[in-house]
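Inspection log for the structure reproduced underneath, given as structure tokens.
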Amino acid sequence: MIAPKSSLKSLTPYVPGRSLESVYQEKGIHAIKLASNESLWGPSPRAIESAKQSLDQLATYPEAHFAPLYELLGSLHGFSADHIIAGNGADELLQVIALTYASPGDEVIYPVPSFSAYRHGTLLTGANPVEVGLNSEGAPNLQEVQAKITPKTRLIFLCSPNNPTGGILHQEEWQSFLRTLPESVLVVVDQAYYEFVEDPSYAELTQDILADRPVIMVRTLSKIYGLAALRIGWAAGPVSLISVLRTMRPPFSVSRTASAAAEAALLDQHYIARVREATLEAREYMMSEFRRRGYRFWPSQANFVTIELESEAQAVAEKLEAEGYVTRPAANFGLPRHLRVTVAPIPVLEGFFRALDHISGMTR
Ligand SMILES: Cc1ncc(COP(=O)(O)O)c(C=O)c1O
């Protein structure tokens with residue numbers, strides 16, 4: 047039988063957080079999912095309404111690129127519509143960017159442990175993966191990135207806040223990194239958890255993009271906007287780069303329902319501000335509760351906290367699941383003794399900590 051191209055030999059399937067349906071089927075438990083950094087506050091009711099209204103038009107193709115959505119994303123974030131592209135989740139955009147800019151024999155740098163899409167996208171292109179570590183804050187180590195840039199480097203993926211550690215790139219280190227970057231290299235900064243950042247020294251990229259630096263930021267409506275099921279993310283970058291990506295991306299990868307819900311969700315910033323406030327309060331609560339119990343973790347600027355255990359996290363996750371809480375063992379990030387837990391409303395977290403305490407004789 048025909049084999050896939052050799053560069054794909056080490057490709058492994060994406061391991062998603064365990065679904066509540068599968069937990070119910072296996073164990074008959076109605077569990078709460080704290081495994082995939084979704085929003086437990088859900089989307090704006092206006093987004094749901096708008097999605098429902100879009101169903102009148104199921105028989106017709108959506109737009110290839112929704113102009114009003116691009117206008118709205120641009121105006122909310124300081125860009126013109128020409129700087130924007132939407133996609134079938136941030137996932138698709140990360141893949142399209144890799145396929146557009148990296149070729150076999152090139153080098154693509156990305157951090158580890160981090161989101162698996164960077165490695166996956168790199169392998170799809172046939173380019174050579176070059177992995178770098180994190181700094182002590184759990185953010186990509188820019189000094190190591192800099193040291194690994196060669197004439198073959200084409201693309202650099204960074205994640206800020208980084209999944210699964212929650213550390214961010216700071217403005218000062220980012221600017222000095224950008225100053226030394228060769229012109230032939232594109233930097234893609236995945237900011238899926240952007241809206242949860244509180245630290246004022248966070249590296250913002252808008253001015254760099256407006257100044258036509260080779261930088262693309264990738265965002266999503268799957269996290270704070272609560273639209274993960276509809277698959278919609280977006281990216282902003284210099285107009286010349288975005289126009290190429292618009293040609294590369296498959297024409298109908300954003301559905302009319304996703305676009306309609308996204309527009310309504312983006313317009314309801316009042317709702318998002320409330321979710322943000324509640325998430326940040328719950329994150330503080332969660333970190334202080336973990337601290338109180340003596341767990342080590344990276345202080346997080348995202349909507350999850352990843353703790354270190356003294357034993358394999360898989361076994362602890364299974365016990366928590368039996369108590370009704372689905373969490374994410376971080377083994378496939380290369381962290382077998384770490385467990386990632388999504389920030390949830392405080393009453394949910396109270397239940398989670400009761401469950402953790404219940405099994406704690408076995409956890410630490
Ligand atoms: C860092 C990071 N980027 C991108 C994504 C995927 O986003 P989307 O749902 O828009 O594909 C995730 C999802 O967990 C993520 O953690």
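Residue numbering for the sequence shown follows the working numbering, starting at 47 and increasing by one per position. Even for Gly, the Cβ is constructed at its ideal location relative to N, Cα and C. Note that the structure is predicted; figures quoted are calculated from it, not measured.
Query                                                                                                                                                         : Result
Is it right to say Asp-403 is buried, meaning 16 or more other beta carbons lie within 10 angstroms of its own, or is it exposed?                             : exposed
Determine, using beta carbons only, whether Thr-373 and Ala-81 come nearer to each other than 8 Å.                                                            : yes
Relative to the alpha-carbon of Gly-151, which residue among Leu-201, Ile-405, Ala-193, Thr-226 has its alpha-carbon at the smallest distance?                : Leu-201
Report all residues from its chain with a CB closer than 7 Å to the CB of Arg-64; omit the five preceding and five following residues, and keep chain order.  : Ala-81, Val-372
Residue range of the alpha helix (DSSP H) that Ala-282 falls in?                                                                                              : Ala-282 -> not in any alpha helix (DSSP H); beta strand (DSSP E) instead, spanning 279–282.
Can you list every residue whose CB sits closer than 6 Å to some heavy atom of ligand 1, going in chain order?                                                : Asn-83, Gly-135, Ala-136, Asp-137, Phe-161, Cys-205, Asn-209, Asp-236, Ala-238, Thr-266, Ser-268, Ala-274, Gly-279
Specify the secondary structure class of Met-332 as computed by DSSP and reduced to three states.                                                             : helix
From the DSSP output, in three-state form, read off Tyr-164 for me.                                                                                           : helix
For the alpha helix (DSSP H) that Phe-223 lies in, which residues bound it at each end?                                                                       : 217–225
By DSSP, does Thr-106 sit in helix, in strand, or in coil?                                                                                                    : coil
Under DSSP, the beta strand (DSSP E) around Glu-153 begins and ends at which residues?                                                                        : 153–157
Could you tell me which residues DSSP puts in a beta bridge with Tyr-248?                                                                                     : His-216
Using a Cβ-Cβ cutoff of less than 6 Å, which residues in the same chain neighbour Pro-108 once the five nearest sequence positions on both sides are dropped? : Phe-298, Ser-301, Arg-302
Only counting runs of 4 or more residues, tell me where the alpha helix (DSSP H) segments fall wholly within the region 65–145, in order along the chain.     : 66–73, 91–100, 113–123
For the putative contact between Ala-311 and Ser-90, defined by C-beta atoms under 8 Å, what is the C-beta separation to the nearest angstrom?                : 5 Å
So the alpha helix (DSSP H) Val-176 belongs to, where does it begin and stop?                                                                                 : No alpha helix (DSSP H) holds Val-176; the beta strand (DSSP E) holding it covers 174–178.
Can you have a look at Arg-165 and say buried or exposed, based on whether 16 or more other CB atoms are within 10 angstroms of its CB?                       : buried
Measure the beta-carbon distance from Thr-314 to Pro-284 and round it to whole angstroms, keeping in mind my assumption that it falls under 8 Å.              : Contrary to the premise, residue 314 reads as Asp rather than Thr in this sequence. In fact, because the Cβ distance is near 30 Å, the residues do not count as touching under 8 Å.
Within the region 363–392, note down every full beta strand (DSSP E) run reaching 3 residues or more, in order along the chain.                               : 384–388
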